[in-house]
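For reference, the structure discussed in these notes is given below.
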Amino acid sequence: MTSTVPASATDVAEFTPSRDIDREVAEYLALVFPQGPGRDELFHLCTNCHGIQVFIFSGQSKDEGGWRLTRRNHAAYVGENDELGAAWKYATEQFGSHKPPPPPPPEELVTGWQNYL
Ligand code: HEC
5 MTSTVPASAT
15 DVAEFTPSRD
25 IDREVAEYLA
35 LVFPQGPGRD
45 ELFHLCTNCH
55 GIQVFIFSGQ
65 SKDEGGWRLT
75 RRNHAAYVGE
85 NDELGAAWKY
95 ATEQFGSHKP
105 PPPPPPEELV
115 TGWQNYL
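If you're matching positions, the sequence shown starts at 5 in my numbering and goes up one per residue.
What follows is the structure, given as structure tokens:
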């Protein structure tokens, strides 16, 4: 049996899988949050209290009624205005049971606070 354990420090460097995290994140955001009306509002206004993972994980099973309910619950926290309306519309179009579930996000998008733009 041949060993796959690296024999030297140089080998370790060669064996360490390298990840270009910035690129992975940028590609994921471009795929799952495509450009369109309401996208900027979503990133600017909807991430003041939680990360984007709630749209990805919770949004994927919602139909329009589910999004309406979330929006109604949020009225107590955020109120309503045109910019928020655009963000809700974007979220409802991009995430929901009418689409295949998005791929799992890179872990960097799920933990901590992010500046997504
Ligand atoms: C002022 C804080 C605040 C802002 C701003 C905010 N949220 Fe939330 N959000 C919450 C809180 C608190 C919860 C958890 C309680 C709940 O589910 O209502 C939550 C939960 C969620 C959930 C998961 C629960 C569910 O109903 O599926 C989604 C999806 C969501 N928010 C979407 C959004 C969107 C889209 C926006 C922007 C239009 C937004 N949020 C802006 C506070 C906020």
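Glycine included, each C-beta is placed from N, C-alpha and C at the ideal position. It should be emphasised that the depicted structure is a prediction, and the values quoted were computed from it without experimental measurement.
- Closer than 8 Å to some heavy atom of ligand 1: that describes the Cβ of G63.
- Not one heavy atom of ligand 1 is found less than 8 Å from the C-beta of V29.
- Taking a cut-off of 8 Å for Cβ pairs, the segment 34-53 and the segment 80-94 touch, as three or more such pairs fall below it.
- DSSP places T96 inside the alpha helix (DSSP H), whose first and last residues are D86 to Q98.
- Distances between the C-beta of V36 and the heavy atoms of ligand 1 are all 8 Å or more.
- Annotation for H78 indicates a beta carbon within 8 Å of some heavy atom of ligand 1.
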